[in-house]
Amino acid sequence: MTTRNTLCVVALLGAFVLATGPASAQSVEQFYKNKQIKIIVSTGAGGGYDSNARTLGFHMGKHIPGKPTFFVQNMPGAGGLRASNNLYSKAPKDGTVLGVVHHAMTTASIYGLKGARFDSLKFNWIGSIAGEPNLVVAWHTSPVKTFDDLLKKPFVVGGTGAGSFFEIVPRVLNKFFDTKIKVISGYKGSSRIKQAMEQQEVEGIAAWALSSVRNSHPGWLSDKKVNLIVQLGMKKHPDLPNVPLIMDYAKSKDVKSALSLIFASQQFLRTVLAPPGVPKARVKALRGAFMATMKDKAFRADMAKRGLPLAPLSGKQLTKKIEQIAATPKDIVNMAKSAMFPRAGKGGVMAR
17 MTTRNTLCVV ALLGAFVLAT GPASAQSVEQ FYKNKQIKII VSTGAGGGYD
67 SNARTLGFHM GKHIPGKPTF FVQNMPGAGG LRASNNLYSK APKDGTVLGV
117 VHHAMTTASI YGLKGARFDS LKFNWIGSIA GEPNLVVAWH TSPVKTFDDL
167 LKKPFVVGGT GAGSFFEIVP RVLNKFFDTK IKVISGYKGS SRIKQAMEQQ
217 EVEGIAAWAL SSVRNSHPGW LSDKKVNLIV QLGMKKHPDL PNVPLIMDYA
267 KSKDVKSALS LIFASQQFLR TVLAPPGVPK ARVKALRGAF MATMKDKAFR
317 ADMAKRGLPL APLSGKQLTK KIEQIAATPK DIVNMAKSAM FPRAGKGGVM
367 AR
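Residue numbers (the numbering used here): 17 to 368.
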């Protein structure tokens, strides 16, 4: 190469560095200054996911370099699939969009859920606010008062989409325990199902966290408007020692293993995630800000005021747990999958 050509190459490289250098060297603080972060919530307004997202967004910004503000966009649909698919493929991958989605979405792609156009392992998991068992809840007028009743009597619940636990739980219980649960699908969020319970369109709801019951309808428990039928999780909620745990009814070791896999995500019920492809430095900053928020006295007081539980997991801890679930032996995964997502025509689903 001639001296002249060498000088030209050097000049071109210098121009490239000058053109790209400032952007690539932009700090996390510079990027987030005067920015807004959007939290996409996979449910409608007023439920547990929405309350957690709004409380988090109110406090988290001050812990991120540059102190961005937050706002929430509700994106219900298909039991969390609509929001999760959007986060994976359409949302900006620059750290300005986060998600708070149905916990079933943490494992949806592992089971091969139809309509899950994402890989759970490729999301950037920022952390989990809390975990607690879900509950099968019956309206007080329903003939179903106990788990034994659920084994003998028909029980109609509301659903929001095939990927939501509102519809997964009935399929699982019908498969492993021969219950006779029917799902009326098509409700736009859990708040609509609760309205349907009051109006006696349905008899109950198949996956409702105790914190959500207390938060959205605190009088329902004290006034005995609902009966708590069974807890769905790895262990009992400390406030519900007399409500049976589904694991105790497992008929075999394999069924117990499948149930453990299905309800593993109850450990991280309120997850926060970012799309794949977000720069590592921003993911690190978001994870750090999340954990700082979990320790923030004002945030903790706000959560307590709203009756929202706190049992946080860091982004690294959450990622490790999801990776462990993904490593479950195939025979157990297939057993769980056959219960959660049986072929069309099974599972007692009715259109609304």
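No residue lacks a Cβ here, since even glycine has one placed at the ideal position from N, Cα and C.
Three-state secondary structure (DSSP) at residue i?
{"i": "SER125", "result": "helix"}
{"i": "PHE87", "result": "strand"}
{"i": "ALA146", "result": "coil"}
{"i": "ASN258", "result": "coil"}
{"i": "SER201", "result": "strand"}
{"i": "GLY115", "result": "strand"}
{"i": "ASN102", "result": "helix"}
{"i": "GLN247", "result": "strand"}
{"i": "PHE171", "result": "strand"}
{"i": "LYS296", "result": "helix"}
{"i": "ASN68", "result": "helix"}
{"i": "ILE80", "result": "coil"}
{"i": "GLY73", "result": "helix"}
{"i": "LEU289", "result": "strand"}
{"i": "SER354", "result": "helix"}
{"i": "LYS311", "result": "helix"}
{"i": "GLN215", "result": "coil"}
{"i": "LYS161", "result": "coil"}
{"i": "GLN42", "result": "coil"}
{"i": "LEU326", "result": "coil"}
{"i": "LYS49", "result": "coil"}
{"i": "GLY220", "result": "strand"}
{"i": "LYS54", "result": "strand"}
{"i": "ALA107", "result": "coil"}
{"i": "ALA61", "result": "coil"}
So the candidates are the options; which of them puts its Cα closest to the Cα of residue i?
{"i": "MET319", "options": "ILE348, GLN211, ASP66 and PHE279", "result": "ASP66"}
{"i": "LYS130", "options": "LEU329, ASN243 and SER180", "result": "SER180"}
{"i": "HIS119", "options": "PRO295, ARG316 and ARG286", "result": "ARG286"}
{"i": "ASN140", "options": "LYS241, GLY331, VAL259 and PRO358", "result": "GLY331"}
{"i": "PRO345", "options": "GLY249, HIS156, LYS241 and SER276", "result": "SER276"}
{"i": "LYS198", "options": "VAL172, GLN52 and LYS210", "result": "VAL172"}
{"i": "GLN52", "options": "ALA212, GLY82 and GLN211", "result": "GLY82"}
{"i": "SER158", "options": "PHE192, ALA132 and LEU244", "result": "LEU244"}
{"i": "VAL44", "options": "ALA212, ASP255 and VAL299", "result": "VAL299"}
{"i": "LEU189", "options": "LYS168, PRO84 and GLY177", "result": "LYS168"}
{"i": "PHE315", "options": "LYS49, ALA61, PHE74 and THR59", "result": "PHE74"}
{"i": "ILE262", "options": "THR176, LYS109 and GLN247", "result": "GLN247"}
{"i": "HIS156", "options": "ALA297, PHE182, ASP135 and SER238", "result": "SER238"}
{"i": "ARG322", "options": "THR59, ASN50, GLY63 and ILE200", "result": "GLY63"}
{"i": "VAL218", "options": "LYS267, ILE200, VAL229 and PHE279", "result": "ILE200"}
{"i": "ALA266", "options": "LYS191, PRO295 and SER228", "result": "LYS191"}
Residue i: buried (16+ other C-beta within 10 angstroms of its C-beta) or exposed?
{"i": "GLY235", "result": "exposed"}
{"i": "GLN46", "result": "exposed"}
{"i": "ALA355", "result": "buried"}
{"i": "LYS161", "result": "exposed"}
{"i": "GLU214", "result": "exposed"}
{"i": "ALA94", "result": "buried"}
{"i": "ARG359", "result": "exposed"}
{"i": "PRO257", "result": "exposed"}
{"i": "GLN216", "result": "exposed"}
{"i": "ALA212", "result": "buried"}
{"i": "GLN282", "result": "buried"}
{"i": "SER136", "result": "buried"}
{"i": "THR251", "result": "Looking at the sequence provided, one finds Lys at residue 251 rather than Thr. Under this definition LYS251 is an exposed residue."}
{"i": "ALA317", "result": "exposed"}
Could you compute how far the alpha carbon of residue i sits from the alpha carbon of residue j?
{"i": "SER273", "j": "LYS313", "result": "39 Å"}
{"i": "ALA352", "j": "ALA146", "result": "24 Å"}
{"i": "ASN90", "j": "GLY96", "result": "11 Å"}
{"i": "PRO292", "j": "ALA107", "result": "10 Å"}
{"i": "ASN350", "j": "TYR127", "result": "8 Å"}
{"i": "THR195", "j": "VAL185", "result": "11 Å"}
{"i": "LEU324", "j": "GLU148", "result": "11 Å"}
{"i": "ALA301", "j": "THR122", "result": "22 Å"}
{"i": "GLY111", "j": "LYS269", "result": "43 Å"}
{"i": "ARG303", "j": "LEU326", "result": "16 Å"}
{"i": "SER232", "j": "GLY174", "result": "17 Å"}
{"i": "GLY220", "j": "PHE87", "result": "32 Å"}
{"i": "ASP255", "j": "LYS241", "result": "18 Å"}
{"i": "ASP378", "j": "TYR48", "result": "Given a span of 17 to 368 for the chain in the structure shown, any question on residue 378 remains unanswerable."}
{"i": "LYS204", "j": "ALA132", "result": "19 Å"}
{"i": "ILE142", "j": "LEU289", "result": "5 Å"}
{"i": "PRO260", "j": "PRO92", "result": "31 Å"}
{"i": "PRO84", "j": "SER144", "result": "21 Å"}
{"i": "SER207", "j": "VAL57", "result": "14 Å"}
{"i": "GLY249", "j": "GLN42", "result": "44 Å"}
Would you say the beta carbon of residue i comes nearer than 7 Å to a heavy atom of the ligand FAD?
{"i": "PHE182", "result": "Among the ligands in the structure shown, none appear at all, so the ligand FAD cannot be discussed."}
* Pair every Cβ in the region 340-349 with every Cβ in the region 84-102, then say whether three or more of these pairs are closer than 8 Å. => Segments in contact, no.
* Say whether the region 221-233 touches the region 145-154, bearing in mind that this needs 3 or more beta-carbon pairs closer than 8 Å, one atom from each stretch. => Under the 8 Å Cβ criterion, the region 221-233 counts as touching the region 145-154, having at least three qualifying pairs.
* Count the C-beta pairs between the region 110-128 and the region 56-70 that are closer than 8 Å, then say yes if the count reaches three, no if not. => Cβ pair count under 8 Å is three or more, so yes.
* **the region 304-312 touching the region 75-82, judged by at least three CB pairs closer than 8 Å** => A contact between stretches requires three or more CB pairs, one per stretch, nearer than 8 Å, and the region 304-312 meets this requirement with the region 75-82.
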